[in-house]
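**Student:**
In the working numbering, the protein residues as written are 2 to 242.
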């Protein structure tokens, strides 16, 4: 199945994340903390914790730092109680935006998120206002030049829902959240290393933004991502140079 180009947007997002590497550690630690408290400290029995530990390793977090945070959370040592809250809103041109946060103070967090939306050209919506435009799924993206036939064969055999190639030759594998790890493990065992591998909220349709609109949308996304309580920002804007 063919799709329009996502490769440039994915590379752009990865580049911006790399620039914010310091904040990534903070976010990963929060994710480890909540995952371990909810599902226990054994990664073998806790898929969410396994994914959080993988993110920590990908961000070059030392193993002893990872272990410390898992032990701290699963051992119910004294710490801040964190709450997960999702906000939905609209960006430039009506683009849909989902903001996932983890916070110890929901009053502070909603004020900061609302301020970012209103100051930079968006609007904070109500629960459910844009979530229907996204699919909760596993996503693995392979760079242009990867063998589509091989990816398709391995991925579908392992339980993937779809394999999509875009205009630039990148290949996207979609899975249910429950099957994500099995598909990822099968692809890596076959020597296929994804550039992106995550359980995400994937936009079902995109809105094209260019010029000043694209610049303004990127500013809004940057401001939201820079908020201390924000873990992830998902959107359906395709930003052209």
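We put the beta carbon where it would ideally sit given N, CA and C, even for glycine.
None of these values were measured; they are calculated from a predicted model.
With H, G and I counted as helix, E and B as strand and the rest as coil, what does DSSP make of residue 202?
**Tutor:** strand
**Student:** Along the chain, where does the alpha helix (DSSP H) that runs through residue 75 open and close?
**Tutor:** 64 to 75
**Student:** Measuring straight from C-alpha to C-alpha, what distance separates residue 146 and residue 53?
**Tutor:** 29 Å
**Student:** So residue 62 and residue 29 are in contact, right, with Cβ under 8 Å, and what is the actual spacing, rounded?
**Tutor:** About 7 Å; that satisfies the 8 Å criterion.
**Student:** May I have a chain-ordered list of the beta strand (DSSP E) segments no shorter than 3 residues that lie completely inside the region 91 to 141?
**Tutor:** 97 to 104
**Student:** Could you have a look at residue 226 and say whether DSSP puts it in helix, strand or coil?
**Tutor:** helix
**Student:** Could you check where the alpha helix (DSSP H) with residue 210 kicks off and where it finishes?
**Tutor:** DSSP places residue 210 outside any alpha helix (DSSP H); the residue lies instead in the beta strand (DSSP E), whose first and last residues are 208 to 210.
**Student:** Would you call residue 204 buried or exposed, if buried means 16 or more other Cβ atoms sit within 10 Å of its Cβ?
**Tutor:** buried
**Student:** Would you report the Cα separation of residue 222 and residue 97, rounded to the nearest angstrom?
**Tutor:** 11 Å
**Student:** Can the beta-carbon of residue 144 be found less than 7 Å from the beta-carbon of residue 184?
**Tutor:** no
**Student:** Which first and last residues belong to the beta strand (DSSP E) in which residue 163 is found?
**Tutor:** 163 to 166
**Student:** Please report the distance separating the alpha-carbon of residue 195 from that of residue 41.
**Tutor:** 28 Å
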